[in-house]
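Residue numbers (my numbering): 1066 to 1214. The structure under discussion appears below in the form of structure tokens.
And the structure:
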């Protein structure tokens, strides 16, 4: 008769090796899941920052539209830095040029229209230590009535 003791030792070694392999696989999958979760959180934060930048840009354009004659689009030809504290967004307004309008605007034989072209850049930061950045660029064309040309 043969002894069962060597067979029990082989079974024990096999079971321990199988447990070790399963533990390593579980640890690797848990680490991959954490990376996927962090990537998902980063994507949500970036989307939120993009929406904040778009909202701040739209709000600035609307406030300038409502300002009528006091609008920055009518009175400024310099680059301006504006901050939207409510949405935590930095806005940069850059005057590109004054010239003919891209859209057709009717005037009479004595008066004509020129347009100011602006670029409005809205930038929102996000993430760990605000290292991420979402940026939206908008173009604004402001018609100006030129009398007597």
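We put the beta carbon where it would ideally sit given N, CA and C, even for glycine.
CA-to-CA distance, residue j to residue i, given in whole angstroms
i	j	result
residue 1136	residue 1180	14 Å
residue 1081	residue 1087	10 Å
residue 1124	residue 1182	18 Å
residue 1129	residue 1108	32 Å
residue 1084	residue 1097	20 Å
residue 1146	residue 1089	53 Å
residue 1156	residue 1112	18 Å
residue 1099	residue 1200	28 Å
residue 1079	residue 1093	21 Å
residue 1189	residue 1091	38 Å
residue 1140	residue 1184	15 Å
Status (buried if at least 16 other CB within 10 Å, exposed otherwise) for residue i
i	result
residue 1122	buried
residue 1133	exposed
residue 1076	exposed
residue 1187	buried
residue 1154	buried
residue 1205	buried
residue 1095	exposed
residue 1144	exposed
Candidates the options, of which the one nearest residue i by Cα
i	options	result
residue 1177	1166, 1113, 1104 and 1138	1166
residue 1193	1120, 1147 and 1103	1103
residue 1142	1161, 1128 and 1084	1161
residue 1117	1094, 1212, 1209 and 1202	1202
residue 1195	1114, 1144, 1183 and 1119	1114
residue 1138	1159, 1072, 1149 and 1148	1159
residue 1149	1126, 1091 and 1090	1126
residue 1106	1140, 1197 and 1164	1197
residue 1163	1092, 1208, 1074 and 1119	1208
Same chain, Cβ closer than 6 Å to residue i, five either side skipped, listed in chain order
i	result
residue 1110	1191 and 1192
residue 1211	1177 and 1179
residue 1101	none
Residue i at chain D interface by Cβ criterion, 9 Å
i	result
residue 1152	Among the protein chains of the structure shown there is no chain D, as only one such chain exists.
Range covered by the alpha helix (DSSP H) that runs through residue i
i	result
residue 1215	Lying outside 1066 to 1214, the shown extent of the chain, residue 1215 is not represented and no answer is given.
Bounding residues of the beta strand (DSSP E) (the contiguous stretch that carries residue i)
i	result
residue 1194	Premise fails: residue 1194 is in no beta strand (DSSP E) and is neither H nor E.
residue 1147	1145-1149
residue 1159	1154-1164
Same chain only: Cβ atoms within 7 Å of residue i, ignoring 5 sequence neighbours per side
i	result
residue 1120	1152
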